[in-house]
Structure formats: structure tokens, C-alpha cells
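Peer 1: For the sequence shown, the residue numbers in the UniProt record's numbering are 1 to 184. The beta carbon of each residue, even a glycine, is placed where N, CA and C say it ideally should be. Got a structure for you, written out below as C-alpha cells; questions coming shortly.
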Amino acid sequence: MTRRLPTIHSITEHEAGPYRMERLDLEFGNGERRLYERLHGRGHGAVAVVPLIDDDTVLLVREYAAGVHRYELGLVKGRIDAGETPIEAAGRELKEEAGYGARSLEVLRTLTLAPTYMSHLTWLVLARDLYPERLPGDEPEELEVVPWRLDALHELVLREEFSEGRSLAALFVVREYLQHHAGR
């Protein structure tokens with residue numbers, strides 16, 4: 001069923017730390033009115049990079065995650081700087097966090113974190129044909145690079161240290177993409 005989007009009668013804004021909070025006065029097609037809130041980030045989005053060292057092996061990084069106060073295993077990720085495309089940001093973050101460049105970078109899709117109340121988008125980028133190259137990054141320590149075979153995702157998804165939703169989703173998207181597109 002296709003529904004008409006709710007009518008926005010007004011939007012009020014206020015600052016909420018690194019975000020801008022908006023309150024929307026909405027009217028739905030059935031006449032119901034509600035106030036919804038949504039967060040807008042101040043940046044230009046982010047990238048999650050799936051770097052393949054070969055056709056069957058992804059490179060993960062282990063870094064400190066302040067939100068859960070532990071070291072977390074996940075994909076190369078980072079913000080898109082002003083003036084950068086998602087492809088440029090992915091190439092830069094890959095060099096900064098994993099110490100590799102990629103001759104092939106391909107945006108597969110965007111991912112959302114919590115689309116019911118956040119506008120944040122993450123571009124999922126597949127990186128192939130890797131070569132060693134490191135750029136200085138903003139991490140306080142060098143990140144550990146961990147190769148992981150795609151045919152062992154069933155083991156990875158149950159590890160306590162691999163909990164970040166974008167990384168989980170991205171690896172499944174890439175695995176399906178590789179299985180169903182010729183010319184891996």
C-alpha cells in the first residue's frame with residue numbers, strides 16, 4: 001500500500017550537542033496530528049568501508065569504543081569531510097585506519113541508523129584491489145587490522161566484540177552482492 005506522506009504544519013529546532021533537534025507538527029492522511037522529533041547530524045554523513053584483501057577475506061579493525069568502554073571489532077568507518085564525496089572519504093579512511101589504499105571503490109548503498117528519528121546516512125563502500133598505504137589519522141593509537149573470511153560470518157556475528165549494527169549489516173549486504181553479481 002502506498003500512502004501519502006504526512007503534512008508538515010511546522011518545524012521547530014533547538015540545539016542538542018553535536019545534533020540539531022527538530023520537532024515536527026505532522027498531520028497524517030486520516031486526520032490524526034502528532035509531534036515527532038528527529039535528530040540531524042552536523043556533518044556530511046559517514047562511510048562504512050568493506051575492504052576485501054582477496055575475494056573471500058575482509059579486513060576488520062579493532063578500536064576503542066567509548067560508548068561501550070571496550071575494544072570493538074568492526075569495519076573501517078568515518079565521517080565525510082566537507083567537500084569530499086563518499087568515495088574520497090572511504091579511500092582516506094581506509095588509508096588512515098587500516099593502512100591500505102584501494103584501486104577500486106564502489107558505493108553499494110546507504111544505511112540508516114535509526115530512520116524513525118535520525119537523518120544520519122552511512123554510505124556503504126566496497127573496496128577492492130588493495131595495496132599498502134598509510135595516512136595519519138585522528139585515532140589516538142594504531143588500529144589492529146584483523147582479516148576475516150566471509151564464509152565464517154556465522155562465527156563473527158556471535159562475537160561479543162562485534163556488535164556495531166552498520167558493520168553487521170554491511171557484511172551481509174556485501175556477501176549477498178558478491179554472490180549475485182558476476183565478476184567478483
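Can you look up H14 in the DSSP assignment and give me helix, strand or coil?
Peer 2: strand
Peer 1: Using 8 Å as the Cβ pair cut-off and three pairs as the minimum, do the segment 6–22 and the segment 91–105 touch?
Peer 2: Judged by Cβ distances under 8 Å, the segment 6–22 makes no contact with the segment 91–105, as fewer than three pairs qualify.
Peer 1: In whole angstroms, what is the alpha-carbon distance linking A65 and E142?
Peer 2: 14 Å
Peer 1: What did DSSP end up calling I80 once you bin it into helix, strand or coil?
Peer 2: coil
Peer 1: Assuming V146 is part of the beta strand (DSSP E), what are its boundary residues?
Peer 2: Looking at the DSSP string, the run of the beta strand (DSSP E) that includes V146 is E144 to R149.
Peer 1: What are the start and end residues of the beta strand (DSSP E) that includes Y131?
Peer 2: Residues L121 to P132.
Peer 1: Between which residues of its own chain and V157 is the CB-CB distance below 7 Å, once the five residues before and five after are set aside?
Peer 2: L168
Peer 1: With 16 as the cutoff for other CB atoms within 10 Å, does L126 come out buried or exposed?
Peer 2: buried
Peer 1: Report the partner residues of D55 according to the DSSP bridge assignment.
Peer 2: None, per the DSSP bridge assignment.
Peer 1: Specify whether the segment 75–83 and the segment 41–61 touch according to this definition: at least 3 beta carbon pairs, one from each stretch, less than 8 Å apart.
Peer 2: yes
Peer 1: So is A114 buried or exposed if we call it buried at 16+ other beta carbons inside 10 Å?
Peer 2: exposed
Peer 1: Under the three-state reduction of DSSP, which class applies to E27: helix, strand or coil?
Peer 2: strand
Peer 1: Roughly how far, in whole angstroms, is the beta-carbon of D56 from the beta-carbon of R175, given that I think they are within contact range, below 8 Å?
Peer 2: D56 to R175, Cβ: 10 Å. No contact.
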